[in-house]
Amino acid sequence: MPVALSILDLAPIAPGRTARDSFAASVELARAAERSGYRRVWYAEHHNMPTIASSATSLVIAHVAEHTDAIRLGAGGIMLPNHSPLVIAEQFGTLETLFPGRIDLGLGRAPGTDRQTMRAIRRDATSADTFPQDVLELQGYLRGESRVEGVQAVPTAPTEVPLYLLGSSLFGAQLAAQLGLPYAFASHFAPDALHEAVAVYREQFRPSAQLAEPYLIAGVNVFAAEDHDAAEAQRRISYRNRARAFIKRGPAGGGEFSDDEIDEFLASPGGEQLSAMTRYTAVGNPDEVRAFLESFAAATGADELITAHHAERVEDRLRSVELTAKALGVSS
Numbered sequence: 066m067p068v069a070l071s072i073l074d075l076a077p078i079a080p081g082r083t084a085r086d087s088f089a090a091s092v093e094l095a096r097a098a099e100r101s102g103y104r105r106v107w108y109a110e111h112h113n114m115p116t117i118a119s120s121a122t123s124l125v126i127a128h129v130a131e132h133t134d135a136i137r138l139g140a141g142g143i144m145l146p147n148h149s150p151l152v153i154a155e156q157f158g159t160l161e162t163l164f165p166g167r168i169d170l171g172l173g174r175a176p177g178t179d180r181q182t183m184r185a186i187r188r189d190a191t192s193a194d195t196f197p198q199d200v201l202e203l204q205g206y207l208r209g210e211s212r213v214e215g216v217q218a219v220p221t222a223p224t225e226v227p228l229y230l231l232g233s234s235l236f237g238a239q240l241a242a243q244l245g246l247p248y249a250f251a252s253h254f255a256p257d258a259l260h261e262a263v264a265v266y267r268e269q270f271r272p273s274a275q276l277a278e279p280y281l282i283a284g285v286n287v288f289a290a291e292d293h294d295a296a297e298a299q300r301r302i303s304y305r306n307r308a309r310a311f312i313k314r315g316p317a318g319g320g321e322f323s324d325d326e327i328d329e330f331l332a333s334p335g336g337e338q339l340s341a342m343t344r345y346t347a348v349g350n351p352d353e354v355r356a357f358l359e360s361f362a363a364a365t366g367a368d369e370l371i372t373a374h375h376a377e378r379v380e381d382r383l384r385s386v387e388l389t390a391k392a393l394g395v396s397s
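When we follow the numbering used here, the leftmost residue of the sequence shown carries the number 66, and every step to the right adds one.
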């Protein structure tokens, strides 16, 4: 059987476009994924990032669910230390009640933002310390087996929302293994600990009521087009814009930089570190993309690849989604 394919939609706000445009594009992307045989589409919680529209993650999921029929939708992820477990259980219990059998809940412990915005969220530096206990509290609410006496999440959906743990380090791998949960590794932007974390997860996994055997999802970036040069051009535009956004959030932010200046930065020691974050990127025509993804899946032993399609133009992202599905043999 071919490896399962899914999508991480970062709900990008392209230069000159609006958040409303981004939400419309997310609907079209999910519809394309549904037509093409993808397993799920996830949205990530980010805050104070002008180029990402998915900060109110559960609302984005609900909006896209209203405009699709069957594909699974979820959070990849909710940054649980930003919230109370009860509130997240209420939100996702509501989603599962409205869209039964279609909702996933991926959980991370990072802030999803910068330190100043953490304070605006009312999160402090110790919020992540109780992450394991918070996961269990949330799981109890979703199952109708509250760990807090006299408190229940309403509504509790008739079908349990499955949990996934997200991570980019050994901590997430160990916790997912200990709790017997599926593990999604953020190798699309934090590749360094991938293979070590996967090994730890598989070696330490304990079966649970949700999952009998380890289940690994690995993130990977994709630029698929009819020919290599078109895909490579899309990659250059996307990653240059990513570098511009990175620079603007730093001390040298605010200025405008030419393509040549961005390329010079990406070749510098600081820029090379940024470039290394997207080490796992499939670029090219369908044959090239298939070869990369098959090799990546084999090297990691991933049960599922969650693909992030970054082309700036919506039509290019949609085409990348379609070509990747066909190349991997999952397209209906």
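Each residue gets a CB set at the ideal place from its N, CA and C atoms; glycine is no exception. These numbers come from a predicted model, not from an experiment.
Limits of the alpha helix (DSSP H) - the one that residue i falls within
i	result
E297	H293 to K313
D179	Where D179 is concerned, there is no enclosing alpha helix (DSSP H), given that its DSSP letter is neither H nor E.
L163	P150 to L163
Residue closest to residue i, alpha-carbon to alpha-carbon, out of the options
i	options	result
A356	I327, E326, A390 and H375	A390
A89	H128, A121, T122 and G102	H128
V263	A274, V395 and G284	G284
I153	L203, R187, A118 and Y280	L203
L145	L138, G102, D189 and D134	D189
A295	N350, S120 and T83	N350
Buried or exposed by the 16-neighbour rule on C-beta atoms within 10 Å, applied to residue i
i	result
H374	buried
R378	exposed
H132	exposed
S87	buried
S397	Low local confidence applies: a pLDDT of 49 at S397 is under 50, so the model's placement there is unreliable, with the coordinate-based value given in what follows. When all chains shown are included, S397 counts as exposed.
E261	exposed
A299	The residue you asked about is not Ala; residue 299 is Gln in the sequence shown. Q299 comes out buried.
D381	buried
A135	exposed
Secondary structure of residue i, DSSP reduced to three states
i	result
L281	strand
G139	strand
A185	helix
F288	strand
A376	coil
E369	strand
Start and end residues, beta strand (DSSP E) containing residue i
i	result
S123	Counting along the chain, S123 falls outside any beta strand (DSSP E), though it belongs to the alpha helix (DSSP H) covering T122 to E131.
L75	First-last for L75: undefined, no H or E at that position.
A347	T346 to G349
Distance cut-off 8 Å: residue i Cβ against heavy atoms of the ligand FMN
i	result
E380	This structure simply doesn't include the ligand FMN, nor any ligand for that matter.
Cβ pair count under 8 Å reaching 3, the stretch 157–170 against the stretch 222–240: yes
Does the stretch 305–312 touch the stretch 352–367, meaning 3 or more C-beta pairs lie closer than 8 Å? no
Using 8 Å as the threshold, is the stretch 194–206 in touch with the stretch 247–254, meaning 3 or more CB pairs across them? no
Can you find at least 3 beta carbon pairs, one from the stretch 289–296 and one from the stretch 266–276, that sit closer than 8 Å? no
Between the stretch 170–181 and the stretch 103–119, are three or more C-beta pairs nearer than 8 Å? yes
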